[in-house]
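Q: Here you go, one structure.
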Amino acid sequence: MHKSFILLLFFLLALLPGHQVLCAAENDIRRGSTVAARVQNGDTLIVMELAPVSVIAPREFGSRREAWRYNRLVRNVKIVYPYAQLAGAMFLEYSEKLQELETDRERRAFTEQAEQELLDRFEDDLRRLTFSQGLILIKLVDRETQHTSYDIVREFRGVFRAFFWQSIGRLFGFDLKTEYDPHGEDRDIEEIVNLIEEGLI
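Quick note, in this note's numbering, the sequence shown goes up one by one and the last residue is 914.
Structure (structure tokens):
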């Protein structure tokens, strides 16, 4: 039953407007590209801004159990993170489309059609998520949107719907008001996400 709740929550969140996607641009030198340069002591030096680099020391574990738990977290984040990224991209896409629609009837029809398309595309995958992966997904959606799931549902669907889904979530151990804390409780998840984004794991 908790899997059905996560699936429904993902579809609700994917239909909501107001998300901003931040993209990082990397400088790339290719044959034929023009770049800035300066001459210093007779040498021509290329001048360009490089992408930030993270230096992370190899993780040391105090016990086998601690290593196992971390490796399981890595596996779970790697499974769930693409869905959180996809939810972020969908926020932007649906937000733009909903702003173009003029009436509530058109918006309702659009969200119903979008929800059916999401069901057809992701239902089987999301039903396979474990409880732990569902919790991580809620946190990562908050990371991508900068809003808790509860706040998003409340703003888009209303207070009653938000309260209803929060109550249902509580029955299955989920808290839609959970905030992503990259410097505290969720620092391991943040580290793993950064490693994924840099292609290191």
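Glycine included, each C-beta is placed from N, C-alpha and C at the ideal position.
(1) Is the CB-CB distance between Glu-857 and Ala-780 below 7 Å?
(2) Leaving out the 5 sequence neighbours to the left and right, which residues in its chain are closer than 7 Å to Asp-888 when beta-carbon positions are compared?
(3) Name the residue from Pro-795, Arg-782 and Ala-749 whose alpha carbon lies nearest to the alpha carbon of Leu-763.
(4) So what's Ala-750 in DSSP terms, helix, strand or just coil?
(5) May I ask you to report which of helix, strand or coil DSSP gives Asp-888?
(6) Shortest alpha-carbon distance to Leu-786 belongs to which of Lys-810, Asp-899 and Asp-833?
(7) Between Ile-914 and His-896, what straight-line distance do the alpha-carbon atoms span, to the nearest angstrom?
(8) For Val-872, name the three-state secondary structure that DSSP assigns.
(9) Just grab the DSSP bridge partners of Thr-757 for me.
(10) Decide if Phe-877 is buried, meaning its Cβ has at least 16 other Cβ atoms within 10 Å, or exposed.
(11) Within the same chain, show all residues whose beta-carbon is closer than 8 Å to that of Ile-792, passing over the 5 residues directly before and after it, in chain order.
(12) Pick out whichever of Glu-910, Ile-905, Glu-911 and Gly-912 has its Cα sitting closest to the Cα of Asn-789.
(13) Please return the same chain residues whose Cβ sits closer than 6 Å to the Cβ of Arg-751, not counting the five positions on each side in sequence.
(14) Note down, in chain order, each residue of its chain lying with its Cβ closer than 6 Å to the Cβ of Gln-879, except the 5 sequence neighbours on either side.
(15) Please give me, in chain order, every unbroken run of the beta strand (DSSP E) with length at least 3 that falls completely inside the stretch 889-913.
A: By the coordinates alone:
(1) no
(2) Gly-882
(3) Ala-749
(4) Of the three classes helix, strand and coil, the one that applies to Ala-750 here is strand, per DSSP.
(5) In the displayed model, Asp-888 falls within coil according to three-state DSSP, outside both helix and strand.
(6) The shortest C-alpha separation from Leu-786 is found at Asp-899.
(7) 21 Å
(8) helix
(9) Val-752
(10) exposed
(11) Leu-842 and Gln-846
(12) Asn-789 has its Cα closest to that of Ile-905, out of Glu-910, Ile-905, Glu-911 and Gly-912.
(13) Within the same chain, Arg-751 has close Cβ partners Leu-758 and Val-760.
(14) Cβ within range, chain order: Tyr-863 and Leu-889.
(15) none
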